[in-house]
Amino acid sequence: GQSLEQPSEVTAVEGAIVQINCTYQTSGFYGLSWYQQHDGGAPTFLSYNALDGLEETGRFSSFLSRSDSYGYLLLQELQMKDSASYFCALRDGQNFVFGPGTRLSVLP
Amino acid sequence: SAVISQKPSRDICQRGTSLTIQCQVDSQVTMMFWYRQQPGQSLTLIATANQGSEATYESGFVIDKFPISRPNLTFSTLTVSNMSPEDSSIYLCSVATGGNYEQYFGPGTRLTVT
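Just so you know, the sequences run in chain order A and B.
Numbered by my numbering, the letters in the first sequence go through residues 86 to 193 in order.
Numbered by my numbering, the letters in the second sequence go through residues 4 to 117 in order.
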């Protein structure tokens, strides 16, 4: 089976940088994705890593180390609107398995 | 990307009844998924619905309880049958695009069973 672990909560101040970690266990690996979900909203796709290294998309970056079964989402220049839940998700063949989610609170 | 709509957005249903949730996509997609999410919790995959074949259900979900239709590449329905209060949840459909690693979600259906 597959399993993912994330910290349940992270708090940071506006303008800061925050890193949300994700460790996983899986028998077959196709990629690690990240999603953002605001309260009452649907998850929105942020980034995807299939290979080791860093992917940058604006203020957000995602990193993957397949040998360590580890990835992280890096959010820079935090804004109040970044307060949301963040999920990492494994692609396992045709299916996707989501982590438990990390609730990010951005303080003024 | 893909734009997805779901109907209804919310409903309150009585125990023992059934509700069918519709999911419409603005483009043709092969892979469509149905998820369940309790408020404040993660997403749990119910089933994968591919056009032209039977839906594939995850462990703990069965076709009799959650029948799914996928008549074409832009539409799917999920029925929650013989509902109980434990079925109260948010139900989300999603599609996979971009090489099948990007998922786009509908706005969800908030179901309350009394």
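Quick reminder that beta carbons are idealized off the backbone N, C-alpha and C, glycines included.
Cβ of residue i within 8 Å of any chain B Cβ
| i | result |
| --- | --- |
| Gly156 of chain A | no |
| Gln179 of chain A | yes |
| Ala169 of chain A | no |
| Gly113 of chain A | no |
| Ala101 of chain A | no |
| Gly184 of chain A | yes |
| Gly39 of chain A | Residue numbering for chain A in the displayed model covers 86 to 193; residue 39 of chain A lies beyond these limits and cannot be assessed. |
| Arg151 of chain A | no |
| Tyr109 of chain A | no |
| Phe172 of chain A | yes |
| Gly138 of chain A | no |
| Ser118 of chain A | yes |
| Pro128 of chain A | yes |
Proximity test, Cβ basis, 8 Å: residue i and chain A
| i | result |
| --- | --- |
| Met34 of chain B | yes |
| Ser79 of chain B | no |
| Leu174 of chain B | Chain B is shown only over 4 to 117; residue 174 of chain B falls outside these bounds and no answer can be derived. |
Beta-bridge pairing of residue i - partner residues as DSSP gives them
| i | result |
| --- | --- |
| Gly138 of chain A | A:Leu149 |
| Leu158 of chain A | A:Ile105 and A:Ser147 |
| Lys10 of chain B | B:Gln25 |
| Ala174 of chain A | A:Ser118 and A:Phe183 |
| Leu189 of chain A | A:Val95 and A:Ala169 |
| Arg39 of chain B | B:Thr47 and B:Tyr94 |
| Thr59 of chain B | B:Thr51 |
Classification of residue i by the beta-carbon crowding that lies within 10 angstroms, buried from 16 upward
| i | result |
| --- | --- |
| Thr20 of chain B | exposed |
| Ile105 of chain A | buried |
| Met35 of chain B | buried |
| Pro193 of chain A | exposed |
| Met165 of chain A | exposed |
| Ser170 of chain A | buried |
| Ser56 of chain B | exposed |
| Arg144 of chain A | exposed |
| Val98 of chain B | buried |
| Val6 of chain B | exposed |
| Asp90 of chain B | buried |
| Thr142 of chain A | exposed |
Quick one: complete alpha helix (DSSP H) runs, 4+ long, within the stretch 61 to 109 of chain B? Within the stretch 61 to 109 of chain B, no complete alpha helix (DSSP H) run reaches 4 residues.
For the stretch 86 to 115 of chain B, which residues have a CB atom closer than 7 Å to at least one CB atom of chain A, in sequence order? For the stretch 86 to 115 of chain B, which is checked against every Cβ of chain A, the residues closer than 7 Å are Leu95, Tyr104, Glu105, Gln106, Tyr107, Phe108, Gly109, Pro110 and Gly111.
What are the start and end residues of each continuous beta strand (DSSP E) run of 3 or more residues lying completely inside the stretch 94 to 118 of chain A, in chain order? Runs of the beta strand (DSSP E) inside the stretch 94 to 118 of chain A: 94 to 98 and 103 to 110.
Select from the stretch 44 to 60 of chain B all residues with a C-beta closer than 7 Å to any C-beta belonging to chain A, and list them in chain order. Ser45, Leu46, Leu48 and Thr51
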